[in-house]
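Residue numbers (the numbering used here): 87 to 242. All C-beta atoms in this analysis are idealised placements derived from N, C-alpha and C, irrespective of residue type, glycine included.
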Amino acid sequence: MRSLSGLAFVTLTFGAIVSSASAGPAEDAAIAPFKAFVAGINANDIKAAVAQCALNSTATDELPPYHWTGNGCKGFANALFAEVKKSGQLEELMTLGAPVVIDVEGRAAYASIPGHLTFKTKDGHPGTEDGLFAVVLIMAHGEWKVSSWSWATAKM
């Protein structure tokens, strides 16, 4: 995700697909924290976003330093909002598509979710970026938490 602001990070549109089958309640529950993480970023609420992540989370994205460990969700969010402020990028909107894969195995889950980013540069020119999130979730203390996520740009 090149850069995103809290103005409008995500519009969630999930009609989940699980390897050619419809997602069920277990899959929906497992990926709910990732959707809430993105919604927290959307609301410019780092605390709400980070609350969806495991304490020992990792994140990988295309803004420096590219990889955050420990509390990776918080590290990413802090870097993201610093970059947004620096770049002056406006009106970012990340739309998540239907998951390509959701696999829940006991206390762990994996999902690959397409994303489409639209934004305006500081001089008002529109921009877009398409990519794919790879998300790993774990069950911790009875709740699903984002353990790891990464973004790979497919098209700019």
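Contacts around residue i, its chain only, beta-carbon distance under 6 Å, and the 5 residues preceding and following it disregarded
{"i": "residue 242", "result": "215"}
{"i": "residue 183", "result": "200"}
{"i": "residue 189", "result": "196"}
{"i": "residue 120", "result": "221, 232"}
Span separating the alpha-carbon of residue i from that of residue j
{"i": "residue 175", "j": "residue 111", "result": "37 Å"}
{"i": "residue 179", "j": "residue 212", "result": "11 Å"}
{"i": "residue 217", "j": "residue 207", "result": "19 Å"}
{"i": "residue 177", "j": "residue 240", "result": "21 Å"}
{"i": "residue 159", "j": "residue 145", "result": "6 Å"}
{"i": "residue 236", "j": "residue 193", "result": "20 Å"}
Rounded distance between the beta-carbons of residue j and residue i, thought under 8 Å
{"i": "residue 143", "j": "residue 232", "result": "6 Å"}
{"i": "residue 109", "j": "residue 135", "result": "Not confirmed; about 23 Å, so no contact."}
Other residues of its chain near residue i: CB distance less than 7 Å, five sequence neighbours each side excluded
{"i": "residue 118", "result": "230"}
{"i": "residue 234", "result": "143, 144, 222"}
Close-in-space but distant-in-sequence residues of the same chain around residue i (CB under 8 Å, 5 per side omitted)
{"i": "residue 115", "result": "230"}
Residue interval of the alpha helix (DSSP H) (run including residue i)
{"i": "residue 168", "result": "158-173"}
{"i": "residue 118", "result": "111-128"}
Three-state class that DSSP yields for residue i in the structure shown
{"i": "residue 136", "result": "helix"}
{"i": "residue 182", "result": "strand"}
{"i": "residue 209", "result": "coil"}
Boundaries (first-last residue) of the beta strand (DSSP E) holding residue i
{"i": "residue 213", "result": "212-226"}
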